[in-house]
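Numbering (the working numbering), first residue to last: 30 to 412.
Glycine included, every Cβ here is placed at the ideal spot set by N, Cα and C.
These numbers come from a predicted model, not from an experiment.
These notes concern the structure reproduced below.
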DNA sequence: AGGTTAAGCGCG
DNA sequence: AAAGCGCGCTTAACCT
């Protein structure tokens with residue numbers, strides 16, 4: 030199955046490569062940043078829209094994406110890169126990771142790597158198996174349950190934004206989650222002063238970028254870059270957001286203040302992240318620490334919660350006496366393997382356990398809208 | 001030959 | 001001056 034996809038990827042890569050040579054006016058190593066940089070910025074004289082940390086003209090994805098609007102070569106390079114990433118990292122490698130004794134792929138989780146308390150997965154990393162593109166999703170189809178069993182995947186819906194609502198106590202955000210609203214749509218309606226059912230897809234997309242940006246401590250500059258709009262306009266979005274959700278603004282300010290005073294931030298369950306550079310004179314270092322201060326309580330609390338859910342789920346599965354177990358964790362998602370005949374029971378229990386793993390000021394809910402994951406039935410709430 | 005770093009990109 | 005958090009893996013480029 031992966032072998033077949035590998036062949037197809039190779040063919041598509043060769044086609045993209047030939048087209049790229051034609052657009053570049055001659056052959057070159059398309060995988061070589063140095064050669065590509067020469068072709069783009071010296072031979073073809075394309076505008077330099079970004080630099081690498083070392084000051085070289087960047088050939089990174091977001092830069093090439095912008096250049097692709099006006100020139101043919103960048104799109105072909107991006108296509109080739111996407112295909113090459115899938116083939117080299119997944120299609121070619123995963124078959125060799127199958128354990129001879131179990132016939133399965135086993136990852137290793139480490140508990141003391143990620144600063145926020147997340148698990149990290151390696152050898153191989155099973156927390157970055159493709160899903161965002163259709164070609165990438167094909168790789169997931171290789172992950173299947175043994176005969177008579179099924180895989181269940183259950184992921185939290187917007188857990189970090191729910192934690193932001195909990196931590197900030199913002200009335201508008203709490204109300205939106207209490208009402209079970211589509212949070213990005215609700216944000217768009219507020220920021221753009223539009224009735225909920227008149228929110229455009231563009232407005233929702235912008236609101237989504239704002240919501241994610243908030244979790245990451247992003248500035249108006251970063252938002253502008255992300256949305257491809259003027260900085261002033263991005264600044265107005267942020268201003269409007271904070272007017273509509275003043276509790277969030279207060280929370281962000283208080284988090285920075287407290288981090289400066291204490292030198293650390295904490296999650297809801299008390300995990301600390303120390304930020305020695307929060308008072309640095311060097312602005313870049315200090316601002317990085319500030320963004321970490323904003324992000325860590327939300328990312329870290331989510332990590333705490335899913336760990337509680339893992340313990341509860343494992344306990345329930347064990348006590349239930351069923352032939353069912355936790356297979357893996359992907360930050361806000363658990364994957365369970367169960368007998369076909371037990372699937373409905375296990376699904377119900379997992380939903381209950383994950384949703385009650387923490388008592389926040391907003392309900393915890395599981396996702397259901399996104400087509401999902403590893404193999405088969407996505408765990409959804411009925412109705 | 002073997003190790004390290006930089007650039008890039010897969011996921012949440 | 002920088003500008004969006006947390007990871008791990010692959011390839012190219014550079015080094016010993």
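Inter-residue Cα distance where the pair is residue i and residue j
i, j, result
"residue 231", "residue 256", "10 Å"
"residue 149", "residue 140", "7 Å"
"residue 37", "residue 318", "44 Å"
"residue 307", "residue 284", "12 Å"
"residue 236", "residue 275", "16 Å"
"residue 404", "residue 174", "Confidence is the limiting factor: at residue 404 the pLDDT is only 39, short of 50, which leaves the residue's position unreliable and the question unanswerable from this model."
"residue 186", "residue 391", "12 Å"
"residue 30", "residue 190", "38 Å"
"residue 57", "residue 47", "10 Å"
"residue 61", "residue 52", "16 Å"
"residue 130", "residue 206", "47 Å"
"residue 355", "residue 112", "31 Å"
"residue 247", "residue 160", "25 Å"
"residue 39", "residue 303", "46 Å"
"residue 133", "residue 389", "38 Å"
"residue 250", "residue 168", "36 Å"
"residue 100", "residue 259", "22 Å"
"residue 59", "residue 264", "38 Å"
"residue 49", "residue 105", "6 Å"
"residue 35", "residue 164", "11 Å"
"residue 406", "residue 82", "Residue placement at residue 406 is flagged as unreliable, the pLDDT there being 40, under the threshold of 50; the coordinate-derived value follows with that caveat. When rounded, the distance between both Cα atoms is 43 Å."
Top-ranked residue by Cα proximity to residue i, from the options
i, options, result
"residue 328", "146, 242, 219 and 169", "146"
"residue 228", "244, 120, 143 and 211", "211"
"residue 85", "64, 103, 105 and 100", "64"
"residue 137", "289, 153 and 223", "153"
"residue 192", "241, 171, 169 and 123", "241"
"residue 234", "218, 289 and 246", "218"
"residue 360", "59, 71, 97 and 143", "143"
"residue 370", "126, 352, 322 and 364", "352"
"residue 87", "203, 69, 375 and 98", "69"
"residue 420", "66, 73 and 41", "Shown here, the chain extends from 30 to 412; a query on residue 420 therefore has no answer."
Cβ-based burial, residue i [other Cβ within 10 Å; buried from 16]
i, result
"residue 398", "Below a pLDDT of 50, predicted positions are generally treated as unreliable, and residue 398, at 43, falls in that range; no measurement from the model is reported."
"residue 310", "exposed"
"residue 324", "buried"
"residue 157", "exposed"
"residue 313", "exposed"
"residue 291", "exposed"
"residue 334", "buried"
"residue 151", "exposed"
"residue 116", "buried"
"residue 135", "exposed"
"residue 103", "buried"
"residue 270", "buried"
"residue 170", "exposed"
"residue 226", "exposed"
"residue 362", "buried"
> Looking at C-beta atoms only, is the number of pairs between the stretch 321-336 and the stretch 281-295 that lie closer than 8 Å three or more?
Replying inline: yes
>> Does the structure place the stretch 375-388 close enough to the stretch 335-355 that three or more beta carbon pairs sit under 8 Å?
In response: yes
> What are the uninterrupted segments assigned as alpha helix (DSSP H) that are 4 or more residues long and contained completely in the stretch 148-218, given in chain order?
Replying inline: 163-169, 188-197 and 200-207
>> Could you tell me which whole beta strand (DSSP E) segments of length 3 or greater appear in the stretch 343-372?
In response: 354-358 and 362-368
> Counting Cβ pairs closer than 8 Å, one from the stretch 90-98 and one from the stretch 72-80, do we hit at least three?
Replying inline: yes
> Given 8 Å as the limit, is there contact between the stretch 175-183 and the stretch 196-203, that is, 3 or more CB pairs closer than that?
Replying inline: no
> Can you list, in chain order, the stretches of the alpha helix (DSSP H) that have 4 or more residues and sit fully within the stretch 262-322?
Replying inline: 275-291
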